[in-house]
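Down below is the structure, laid out as structure tokens.
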Amino acid sequence: MTKWMQGQLFNTNNLLVLIMIVAINGCSSRSKPAPVVDVQGSLPLSQRLKNSVSGSEYIVKKGETLYSIAWRADVDVRTLASINNIKAPYNIFPQQKLFLTKNTSKPSTNTTKRKSFNSSKQKVITKPIAQKKKQEYGVNVVERKSTNKAQQQSTAFSQKIREWQWPARGKIIRNFSSAKQGNKGIDIAGRRGDSVKATADGKVVYAGDALQGYGQLVIVKHNDDYLSAYAHNDRILVKEQQVVKAGQVIARMGNTDAERVMLHFEVRFRGKSVNPMKYLPK
């Protein structure tokens with residue numbers, strides 16, 4: 444073997460050793476694994492999990508509404524309001540404690556009733572039975588009328604939505620998934636500043652960025668059963684309690700809390716995620 448060939452072989456071996464050293468150093472320098480981000484550019488799973496609310500109690504943070512909390516807890520806002528004895532229009536305040544689950548044990552109430560019964564036992568016996576029944580009957584009639592009125596109002600407001608419209612133009616880059624940690628809506632690609640439109644008539648019940656992972660978010664109430672959400676906006680063009688019409692531009696597309704410019708669109712039926720494609724026109 445000539446000296447020139449020996450020199451070339453030496454240089455080749457050195458190059459291979461150098462490549463191996465660089466590769467080893469590159470692997471050892473990464474102390475944490477890379478975040479798992481799907482090909483569509485959505486947030487890592489760890490970030491999406493932060494959006495949810497679990498447990499039995501929750502402390503309200505600044506900028507949140509009862510609708511946004513119910514959204515994160517995957518419950519109907521009416522259920523959450525009923526548990527906490529909050530009447531419409533469901534006003535809440537920062538640092539307020541909310542119960543997410545109904546507490547079935549009420550020992551204090553039972554004790555109060557028992558004491559009240561014992562202390563007034565003699566008085567109850569001396570009252571005519573017919574008068575008591577008449578009084579109870581009158582109360583039941585009032586309650587029945589109030590219940591019927593509330594049901595009629597609820598039914599009138601829960602009519603089917605006449606027409607659904609697409610919230611944005613663009614290619615669907617991620618579909619709905621009913622899996623436990625699946626996508627709760629659809630992701631629509633677009634360009635920054637593209638129009639984001641209300642999918643149906645309704646009222647804005649949340650507009651802000653307090654829900655981590657959703658970025659600039661708008662939630663619209665369409666009736667007692669249906670809500671829709673529009674996430675990752677660059678700019679919000681509506682305010683809470685504002686009435687909007689189907690097709691009205693409510694935001695501009697962006698990438699707040701997302702890896703790319705897109706619209707994340709969700710539909711909820713009585714607090715539960717449903718596939719938006721079942722409602723949107725083909």
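Numbers 444 to 725, taken from the numbering used here, label the letters of the sequence shown in order.
C-beta atoms are modelled at their ideal positions from N, C-alpha and C, and glycine is treated no differently.
Predicted model only: the values in this text are computed from it and were never measured.
Nearest neighbour of residue i, chosen from the options [CA to CA]
| i | options | result |
| --- | --- | --- |
| Asn534 | Pro719, Gln684, Ala701, Val692 | Gln684 |
| Val704 | Lys530, Ala611, Ile502 | Ala611 |
| Asp519 | Gly714, Asn698, Ile629, Glu606 | Gly714 |
| Asn698 | Val503, Arg678, Lys721, Leu670 | Arg678 |
| Glu606 | Gly690, Asp517, Glu507 | Gly690 |
| Asp667 | Gly498, Pro532, Leu706 | Pro532 |
| Phe536 | Arg521, Lys721, His665, Thr508 | Thr508 |
| Val496 | Ile529, Phe542, Ile604 | Phe542 |
| Ala516 | Lys530, Asn528, Ser499 | Ser499 |
| Val639 | Gly651, Lys725, Ala672, Asp652 | Ala672 |
| Gly651 | Lys725, Asn676, Ile526 | Asn676 |
| Lys646 | Lys504, His665, Ala524 | His665 |
Range covered by the beta strand (DSSP E) that runs through residue i
| i | result |
| --- | --- |
| Tyr501 | 500-502 |
| Ala672 | 669-679 |
| Ser638 | 638-640 |
| Leu723 | Per DSSP, Leu723 belongs to no beta strand (DSSP E) and is neither H nor E. |
| Phe708 | 705-712 |
| Ser716 | 715-717 |
| Lys646 | 645-651 |
| Arg695 | 692-696 |
| Leu541 | 540-542 |
Under 9 Å between C-beta atoms of residue i and residue j
| i | j | result |
| --- | --- | --- |
| Lys627 | Ser716 | yes |
| Ile615 | Asp637 | no |
| Ala674 | Glu702 | no |
| Val681 | Asp644 | no |
| Gln539 | Leu723 | no |
| Ile693 | Ala641 | yes |
| Ile711 | Tyr649 | Here residue 711 turns out to be Arg, not Ile, going by the sequence shown. Their beta carbons are not under 9 Å apart, which means Arg711 does not touch Tyr649 by this criterion. |
| Met720 | Phe619 | yes |
Segment limits, alpha helix (DSSP H) that includes residue i
| i | result |
| --- | --- |
| Ala513 | 509-516 |
| Arg617 | Premise fails: Arg617 lies in the beta strand (DSSP E), 615-617, not in any alpha helix (DSSP H). |
| Val520 | 520-526 |
**Q.** Three-pair Cβ contact test at 8 Å for the segment 655-675 versus the segment 526-546
**A.** The segment 655-675 vs the segment 526-546: no contact.
Q. Are three or more beta carbon pairs between the segment 618-626 and the segment 660-668 nearer than 8 Å?
A. Segments in contact, no.
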